Amino acid sequence: MSRLRLMFSHWPISIMALAMLAGLIALALGPWWLWPLVPVGVAMQMMNEYAMHRFLFHLPPPRAQWRFDLLYQAHYGHHDFPTVPGLFFVPWWVALPMLAVHYLAVSLVAGLILPGLGWQIGAAIILLGGVGTFLGYEWFHMTAHLPVPKTAPERHVTVLHNQHHFRDFTRWFHVSPGGEVIDRALGTAIDRDALRRAQRDEFMTTLGLRPDDPRLIAARARFGPRHGITAEQITRAAR
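Residue numbers (UniProt numbering): 1 to 239.
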(Lines of atoms letter the chains of each structure in order from A; the text may use other names.)
(Lines give C-alpha, C1' and ligand atoms only; values in the text may rest on other atoms or scores of the structure.)
Protein backbone atom coordinates (compact mmCIF):
# COMPACT_ATOMS: atom_id res chain seq x y z
CA MET A 1 0.00 0.00 0.00
CA SER A 2 1.41 3.40 -0.94
CA ARG A 3 1.93 5.95 1.80
CA LEU A 4 -0.67 8.29 0.31
CA ARG A 5 -3.26 5.53 0.16
CA LEU A 6 -2.46 4.47 3.71
CA MET A 7 -2.78 8.04 4.94
CA PHE A 8 -6.15 8.59 3.24
CA SER A 9 -7.43 5.26 4.52
CA HIS A 10 -7.75 7.15 7.81
CA TRP A 11 -10.96 8.99 6.87
CA PRO A 12 -10.43 12.21 8.92
CA ILE A 13 -7.47 12.95 6.63
CA SER A 14 -9.94 13.47 3.77
CA ILE A 15 -11.93 15.94 5.88
CA MET A 16 -8.75 17.81 6.72
CA ALA A 17 -7.70 17.88 3.07
CA LEU A 18 -11.10 19.31 2.09
CA ALA A 19 -10.77 21.93 4.83
CA MET A 20 -7.39 22.92 3.45
CA LEU A 21 -8.86 23.14 -0.07
CA ALA A 22 -11.64 25.37 1.27
CA GLY A 23 -9.00 27.59 2.84
CA LEU A 24 -7.13 27.81 -0.45
CA ILE A 25 -10.31 28.85 -2.28
CA ALA A 26 -11.13 31.44 0.40
CA LEU A 27 -7.69 33.01 0.04
CA ALA A 28 -7.87 32.97 -3.75
CA LEU A 29 -11.09 34.99 -3.53
CA GLY A 30 -9.85 37.32 -0.80
CA PRO A 31 -7.42 40.24 -0.53
CA TRP A 32 -3.73 39.60 -1.13
CA TRP A 33 -2.70 40.43 2.43
CA LEU A 34 -4.32 37.22 3.70
CA TRP A 35 -1.43 35.15 2.29
CA PRO A 36 1.22 36.46 4.74
CA LEU A 37 -1.03 35.18 7.57
CA VAL A 38 -0.51 31.56 6.50
CA PRO A 39 2.89 31.25 8.28
CA VAL A 40 1.14 32.38 11.48
CA GLY A 41 -1.01 29.26 11.23
CA VAL A 42 2.06 27.12 10.57
CA ALA A 43 3.74 28.42 13.73
CA MET A 44 0.56 28.01 15.79
CA GLN A 45 0.11 24.40 14.67
CA MET A 46 3.76 23.58 15.38
CA MET A 47 3.22 24.78 18.95
CA ASN A 48 -0.10 22.94 19.14
CA GLU A 49 1.58 19.73 17.93
CA TYR A 50 4.17 19.99 20.69
CA ALA A 51 1.70 20.97 23.41
CA MET A 52 -0.86 18.27 22.57
CA HIS A 53 1.82 15.59 22.45
CA ARG A 54 3.56 16.63 25.64
CA PHE A 55 0.74 17.80 27.88
CA LEU A 56 -2.24 15.73 26.70
CA PHE A 57 -1.08 12.55 24.99
CA HIS A 58 1.60 11.96 27.62
CA LEU A 59 -0.54 12.59 30.69
CA PRO A 60 0.31 10.24 33.57
CA PRO A 61 -1.64 6.99 33.12
CA PRO A 62 -5.07 7.41 34.77
CA ARG A 63 -6.27 4.87 37.31
CA ALA A 64 -9.80 4.79 35.91
CA GLN A 65 -9.96 2.33 33.03
CA TRP A 66 -12.28 4.47 30.87
CA ARG A 67 -9.89 7.42 31.04
CA PHE A 68 -6.94 5.13 30.40
CA ASP A 69 -8.78 3.72 27.38
CA LEU A 70 -9.21 7.21 25.91
CA LEU A 71 -5.50 7.89 26.16
CA TYR A 72 -4.71 4.41 24.86
CA GLN A 73 -6.74 5.13 21.73
CA ALA A 74 -5.26 8.62 21.39
CA HIS A 75 -1.60 7.77 21.93
CA TYR A 76 -0.60 5.12 24.48
CA GLY A 77 -1.56 2.37 22.05
CA HIS A 78 0.74 3.81 19.41
CA HIS A 79 3.68 3.54 21.82
CA ASP A 80 2.58 0.03 22.77
CA PHE A 81 2.42 -1.08 19.11
CA PRO A 82 4.47 1.50 17.18
CA THR A 83 4.43 -0.36 13.85
CA VAL A 84 0.65 -0.87 13.61
CA PRO A 85 -0.63 1.50 10.87
CA GLY A 86 -4.07 1.94 12.42
CA LEU A 87 -2.44 3.63 15.41
CA PHE A 88 -0.26 6.06 13.43
CA PHE A 89 -2.86 8.82 13.09
CA VAL A 90 -4.62 11.28 15.40
CA PRO A 91 -8.16 9.97 16.15
CA TRP A 92 -11.08 11.82 14.57
CA TRP A 93 -12.50 12.76 17.95
CA VAL A 94 -9.31 14.72 18.65
CA ALA A 95 -8.50 16.11 15.18
CA LEU A 96 -11.92 17.33 14.02
CA PRO A 97 -13.04 19.10 17.23
CA MET A 98 -9.57 20.69 17.38
CA LEU A 99 -10.07 21.99 13.84
CA ALA A 100 -13.53 23.38 14.62
CA VAL A 101 -12.49 25.07 17.88
CA HIS A 102 -9.37 26.63 16.40
CA TYR A 103 -11.15 27.91 13.29
CA LEU A 104 -14.07 29.39 15.23
CA ALA A 105 -11.82 31.00 17.83
CA VAL A 106 -9.53 32.67 15.29
CA SER A 107 -12.44 33.72 13.06
CA LEU A 108 -14.39 35.26 15.93
CA VAL A 109 -11.43 37.19 17.31
CA ALA A 110 -10.36 38.35 13.85
CA GLY A 111 -13.96 39.35 13.08
CA LEU A 112 -14.01 41.64 16.08
CA ILE A 113 -10.88 43.40 14.80
CA LEU A 114 -11.80 43.42 11.09
CA PRO A 115 -15.58 42.97 10.77
CA GLY A 116 -16.63 40.87 7.81
CA LEU A 117 -13.19 39.36 7.25
CA GLY A 118 -12.95 37.02 10.22
CA TRP A 119 -13.88 33.90 8.25
CA GLN A 120 -11.20 34.59 5.63
CA ILE A 121 -8.54 35.33 8.24
CA GLY A 122 -9.51 32.07 9.95
CA ALA A 123 -9.19 30.33 6.60
CA ALA A 124 -5.66 31.70 6.09
CA ILE A 125 -4.40 30.93 9.59
CA ILE A 126 -6.23 27.71 10.43
CA LEU A 127 -7.51 26.05 7.25
CA LEU A 128 -4.44 26.69 5.13
CA GLY A 129 -1.55 27.24 7.56
CA GLY A 130 -2.70 25.07 10.44
CA VAL A 131 -4.35 22.21 8.59
CA GLY A 132 -1.56 22.11 6.00
CA THR A 133 0.96 21.73 8.81
CA PHE A 134 -1.18 19.07 10.50
CA LEU A 135 -1.33 17.05 7.28
CA GLY A 136 2.44 17.38 7.00
CA TYR A 137 2.74 16.09 10.57
CA GLU A 138 0.59 13.06 9.76
CA TRP A 139 2.72 12.33 6.68
CA PHE A 140 6.06 12.59 8.47
CA HIS A 141 4.82 10.67 11.51
CA MET A 142 3.47 7.84 9.37
CA THR A 143 6.69 7.76 7.34
CA ALA A 144 8.84 7.61 10.49
CA HIS A 145 7.21 4.27 11.35
CA LEU A 146 7.37 2.67 7.91
CA PRO A 147 10.30 0.74 6.36
CA VAL A 148 10.27 2.74 3.12
CA PRO A 149 12.86 4.78 1.18
CA LYS A 150 12.99 8.25 2.72
CA THR A 151 14.11 11.73 1.78
CA ALA A 152 16.72 13.51 3.92
CA PRO A 153 14.07 15.40 5.96
CA GLU A 154 12.12 12.16 6.46
CA ARG A 155 15.25 10.35 7.66
CA HIS A 156 16.00 13.16 10.11
CA VAL A 157 12.46 13.04 11.49
CA THR A 158 12.69 9.25 11.78
CA VAL A 159 15.94 9.39 13.78
CA LEU A 160 14.60 11.89 16.31
CA HIS A 161 11.17 10.28 16.58
CA ASN A 162 12.69 6.85 17.15
CA GLN A 163 14.66 8.36 20.03
CA HIS A 164 11.33 9.51 21.51
CA HIS A 165 9.87 6.01 21.17
CA PHE A 166 12.82 3.85 22.11
CA ARG A 167 15.26 5.93 24.17
CA ASP A 168 13.34 8.56 26.16
CA PHE A 169 9.60 9.14 25.78
CA THR A 170 9.88 12.37 27.82
CA ARG A 171 11.92 14.01 25.04
CA TRP A 172 11.46 15.02 21.40
CA PHE A 173 7.72 15.79 21.44
CA HIS A 174 7.80 17.45 18.02
CA VAL A 175 7.50 15.42 14.82
CA SER A 176 7.23 17.94 11.98
CA PRO A 177 10.53 19.10 10.43
CA GLY A 178 11.76 22.23 12.18
CA GLY A 179 9.83 21.47 15.34
CA GLU A 180 13.00 20.43 17.15
CA VAL A 181 13.56 24.16 17.72
CA ILE A 182 10.62 24.05 20.15
CA ASP A 183 12.02 21.02 21.99
CA ARG A 184 15.40 22.69 22.32
CA ALA A 185 13.85 25.95 23.55
CA LEU A 186 11.67 24.16 26.14
CA GLY A 187 14.30 21.74 27.40
CA THR A 188 12.91 18.51 25.95
CA ALA A 189 15.61 17.82 23.37
CA ILE A 190 17.98 14.87 23.69
CA ASP A 191 21.63 15.83 23.88
CA ARG A 192 23.64 13.70 21.46
CA ASP A 193 26.50 13.09 23.90
CA ALA A 194 24.12 12.24 26.73
CA LEU A 195 22.34 9.82 24.41
CA ARG A 196 25.57 7.93 23.79
CA ARG A 197 26.18 7.58 27.54
CA ALA A 198 22.63 6.78 28.57
CA GLN A 199 21.21 3.33 29.07
CA ARG A 200 17.88 2.54 27.47
CA ASP A 201 15.11 3.05 30.04
CA GLU A 202 12.98 0.09 31.09
CA PHE A 203 9.43 -0.29 29.79
CA MET A 204 9.88 2.27 27.01
CA THR A 205 7.02 1.14 24.79
CA THR A 206 4.59 1.12 27.72
CA LEU A 207 5.54 4.63 28.90
CA GLY A 208 7.00 3.36 32.15
CA LEU A 209 4.19 0.96 33.03
CA ARG A 210 4.85 -2.71 33.54
CA PRO A 211 3.85 -4.54 30.33
CA ASP A 212 1.41 -6.68 32.33
CA ASP A 213 -0.32 -3.71 33.98
CA PRO A 214 -4.05 -4.62 34.17
CA ARG A 215 -5.05 -1.35 32.48
CA LEU A 216 -2.80 -2.15 29.52
CA ILE A 217 -4.07 -5.72 29.30
CA ALA A 218 -7.69 -4.52 29.27
CA ALA A 219 -7.02 -1.81 26.67
CA ARG A 220 -5.11 -4.19 24.39
CA ALA A 221 -7.90 -6.75 24.54
CA ARG A 222 -10.51 -4.11 23.76
CA PHE A 223 -8.80 -2.12 21.00
CA GLY A 224 -6.15 -4.44 19.57
CA PRO A 225 -8.48 -6.47 17.32
CA ARG A 226 -9.85 -3.25 15.79
CA HIS A 227 -6.40 -2.55 14.39
CA GLY A 228 -5.51 -6.05 13.26
CA ILE A 229 -3.37 -6.81 16.31
CA THR A 230 -3.36 -10.55 16.83
CA ALA A 231 -3.87 -12.42 20.09
CA GLU A 232 -0.26 -13.56 19.85
CA GLN A 233 0.98 -9.96 19.58
CA ILE A 234 -1.17 -8.95 22.54
CA THR A 235 0.18 -11.83 24.63
CA ARG A 236 3.76 -11.00 23.67
CA ALA A 237 3.27 -7.33 24.58
CA ALA A 238 2.35 -8.29 28.16
CA ARG A 239 5.64 -10.12 28.78
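Quick reminder that beta carbons are idealized off the backbone N, C-alpha and C, glycines included. The model shown is predicted, which means the values in this text are computed figures rather than measured ones.
Residue interval of the alpha helix (DSSP H) (run including Thr158)
Ala152 to Phe166
Return yes when the Cβ of Met46 is within less than 7 Å of the Cβ of Gly179, no when it is not.
yes
Do you know how far the Cα of Phe68 is from the Cα of Pro85?
21 Å
At a cut of 8 Å, does the segment 118-136 reach the segment 34-44 through at least three beta carbon pairs?
yes
Please list, in chain order, all residues of the same chain as His79 whose beta carbon is under 6 Å from its beta carbon, the five residues on each side excluded.
Taken in chain order, the residues that qualify are Thr205 and Leu207.
Run through DSSP, which three-state label would Met204 get?
coil
Among Pro62, Phe134, Pro214 and His53, nearest to Pro12 - alpha-carbon criterion
Phe134
Using C-beta distances below 6 Å, list every residue in its chain close to Ala26, excluding the 5 sequence neighbours before and after it, in chain order.
Gln120 and Ala123
Among Gly224, Ser176, Leu216 and Ile229, nearest to Glu49 - alpha-carbon criterion
Ser176
Report yes if the C-beta of Pro211 is less than 6 Å from at least one heavy atom of the ligand FMN; otherwise report no.
The ligand FMN is absent from the structure shown, which contains no ligand whatsoever.
Along the chain, where does the alpha helix (DSSP H) containing Asp69 start, and where does it finish?
Gln65 to Leu71
Local conformation of Gly41 per DSSP, three classes
helix
With 16 other CB atoms within 10 Å as the buried threshold, where does Gly23 fall?
buried
In whole angstroms, what is the alpha-carbon distance linking Pro82 and Ala144?
Across the structure, Pro82 and Ala144 are spaced so that their CA atoms are roughly 10 Å apart.
Which one of Pro60, Trp66, Leu117 and Ala189 has the shortest CA to CA distance from Leu29?
Leu117
Backbone secondary structure at Ala238 - three-state DSSP
coil
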